[in-house]
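These protein sequences, in sequence, are chains A and B.
Following numbering that gives the first Met the number 0, the residues of the first sequence are numbered contiguously, the last one being 203.
Following numbering that gives the first Met the number 0, the residues of the second sequence are numbered contiguously, the last one being 83.
What follows is a set of notes on a single structure, which appears directly below.
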Amino acid sequence: MKLILSTVVAVAFLVPAHAAPLTFDFKDAKGVNNVVFQLDAPLESINGTASGVSGTVTLDPEKPGEAKGKIVVATDSLVVPNPIMQGHMLGEKWLNAAKHPEISFAITGISDIKKEGDKGEAKVTGTFTLNGISKDLTVDARVNYLPGKLAERGPDKTPGDLLVIRSKFEIKRSDFGIKPGEATDKVAEEIAISLSIAGAAPKP
Amino acid sequence: MPKLFLILGGVCLVAVVATWFSLGADRGWSKTLVPVAKVDPVTELEFTEYEKRFVPGLDFLVAGSAGSLFLVALGLFLGRFARP
Numbered sequence: 000m001k002l003i004l005s006t007v008v009a010v011a012f013l014v015p016a017h018a019a020p021l022t023f024d025f026k027d028a029k030g031v032n033n034v035v036f037q038l039d040a041p042l043e044s045i046n047g048t049a050s051g052v053s054g055t056v057t058l059d060p061e062k063p064g065e066a067k068g069k070i071v072v073a074t075d076s077l078v079v080p081n082p083i084m085q086g087h088m089l090g091e092k093w094l095n096a097a098k099h100p101e102i103s104f105a106i107t108g109i110s111d112i113k114k115e116g117d118k119g120e121a122k123v124t125g126t127f128t129l130n131g132i133s134k135d136l137t138v139d140a141r142v143n144y145l146p147g148k149l150a151e152r153g154p155d156k157t158p159g160d161l162l163v164i165r166s167k168f169e170i171k172r173s174d175f176g177i178k179p180g181e182a183t184d185k186v187a188e189e190i191a192i193s194l195s196i197a198g199a200a201p202k203p
Numbered sequence: 000m001p002k003l004f005l006i007l008g009g010v011c012l013v014a015v016v017a018t019w020f021s022l023g024a025d026r027g028w029s030k031t032l033v034p035v036a037k038v039d040p041v042t043e044l045e046f047t048e049y050e051k052r053f054v055p056g057l058d059f060l061v062a063g064s065a066g067s068l069f070l071v072a073l074g075l076f077l078g079r080f081a082r083p
């Protein structure tokens, strides 16, 4: 009995610490996580950012294909530099932030994984929800796993890992019921989205 | 009185154009937030912080110039009736 117990304990210590899936929280106290959106219409170019990023991704760095999670952006965190445009964008006629307070991407599958050390590229499939309408979407993502780097980020030096995700993709506003076919000379149909986010998995 | 409108219109026009030029001569819409690009040293993520600052755009220039020219026109109009 003693031998079995000591073997179990020994095996438990021999298993690498990152063998279990890690849950990365994308609510970043430093406010670095951001989404950039660009609309380039014939008469007007609109550039803005969103910083209200939250959500979690559960990832086993050894089995990245099994990652699951959801990234959420608060609709009212979308910012454009012009205050009148900002009001219109979040208002009832466009994004209706009061009725649809979240924009989200829920991961349903990962394919075409190219892994090189702690960096990787993959195609991420998920359900993108905007303006209360959900569509399946596959996007290219670059992922950088930074083990032990969480301690370097904050004044409290919390030990843990970081997961950095970058992705660029395009959506059509008409697919999400945002004034389809209207004002396309000033508000482009295509919205280019660039996601740059880091999640933290603190270790006890 | 007409002369006052002419002078006021002229001064306003100069002030509007000078303000627009001195604050960046931006050819887009006026802004109350100015994006500043930054990079997080650990994650190397680029992010944007906003400075609360007024940058007059073409809408400011057009509206200001129109207002000034209206004062000038009003001065000229009143001047015609003021003549003996």
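By construction, the Cβ of each residue, glycine as well, lies at the ideal position given by its N, Cα and C atoms.
Residue i CB to nearest chain B CB: under 7 Å?
i, result
"A/Leu194", "no"
"A/Ala9", "Below a pLDDT of 50, predicted positions are generally treated as unreliable, and A/Ala9, at 44, falls in that range; the measurement from the model is reported next regardless. Taking Cβ atoms only, chain B never reaches closer than 7 Å to A/Ala9, which makes this a no."
"A/Arg141", "no"
"A/Ala28", "no"
"A/Lys156", "no"
"A/Glu151", "yes"
"A/Thr55", "no"
"A/Ala163", "First, the amino acid is wrong: residue 163 of chain A is Val here, not Ala. By this cut-off, A/Val163 is an interface position."
"A/Thr22", "no"
"A/Lys167", "no"
"A/Ser52", "Looking at the sequence shown, residue 52 of chain A is not Ser but Val. Not an interface residue."
"A/Val138", "no"
"A/Val34", "no"
"A/Ala199", "no"
"A/Lys148", "yes"
"A/Val123", "no"
"A/Thr126", "no"
"A/Thr48", "yes"
Hey, does residue i have any beta-carbon neighbour from chain A nearer than 7 Å?
i, result
"B/Leu73", "no"
"B/Val41", "yes"
"B/Phe80", "no"
"B/Leu44", "yes"
"B/Thr47", "yes"
"B/Val15", "no"
Please state whether DSSP places residue i in a helix, a strand or coil.
i, result
"B/Leu7", "helix"
"A/Ile106", "strand"
"A/Met0", "Caution applies to A/Met0, whose pLDDT of 49 falls short of 50 and renders its modelled position unreliable; the value that the coordinates give is listed next. It is coil, neither helix nor strand."
"A/Thr157", "coil"
"A/Arg165", "strand"
"A/Val8", "Bear in mind that a pLDDT of 44 at A/Val8, under 50, signals an unreliable position, so the model cannot answer this."
"B/Lys2", "helix"
"A/Gly125", "strand"
"A/Ala187", "coil"
"B/Val35", "strand"
"B/Ser84", "With chain B covering 0 to 83 only, the question about residue 84 of chain B has no answer from this structure."
"A/Ala205", "This structure leaves residue 205 of chain A out entirely; chain A is present only between 0 and 203."
"A/Ala97", "coil"
"A/Asp59", "strand"
"B/Pro40", "coil"
"A/Leu77", "strand"
"A/Gly198", "strand"
"A/Arg152", "coil"
"A/Lys69", "strand"
"B/Leu22", "coil"
"A/Ala140", "strand"
"A/Ile83", "helix"
"A/Gly119", "strand"
Residue i and residue j look like a contact to me (Cβ under 8 Å); what is the Cβ gap, rounded to whole Å?
i, j, result
"A/Val52", "A/Asp75", "The Cβ separation is near 13 Å, so there is no contact."
Should residue i be flagged as near chain C, meaning a C-beta pair shorter than 7 Å?
i, result
"A/Ala182", "Reference to chain C is not applicable here, since the protein chains of this structure are A and B."
Members of the stretch 21-34 of chain B that neighbour chain A once the beta carbon cut-off is set at 7 Å
Taking 7 Å as the Cβ-Cβ cut-off, the stretch 21-34 of chain B approaches chain A at Trp28, Ser29, Lys30, Thr31, Leu32, Val33 and Pro34, given in chain order.
At 3 residues or longer, what runs of the beta strand (DSSP E) sit wholly inside the stretch 22-55 of chain A?
Taking only runs of at least 3 residues, the beta strand (DSSP E) segments lying wholly in the stretch 22-55 of chain A are 33-39 and 44-49.
What are the residues in the stretch 67-91 of chain A lying within 9 Å of chain B by C-beta distance?
Taking 9 Å as the Cβ-Cβ cut-off against chain B, the residues of the stretch 67-91 of chain A that qualify are Val78, Val79, Pro80, Asn81, Pro82, Ile83, Met84 and Gln85.
Tell me which residues of the stretch 171-197 of chain A have at least one Cβ-Cβ distance to chain B shorter than 7 Å, keeping chain order.
If the cut-off is 7 Å between Cβ atoms, the stretch 171-197 of chain A has Ser195 and Ala197 near chain B.
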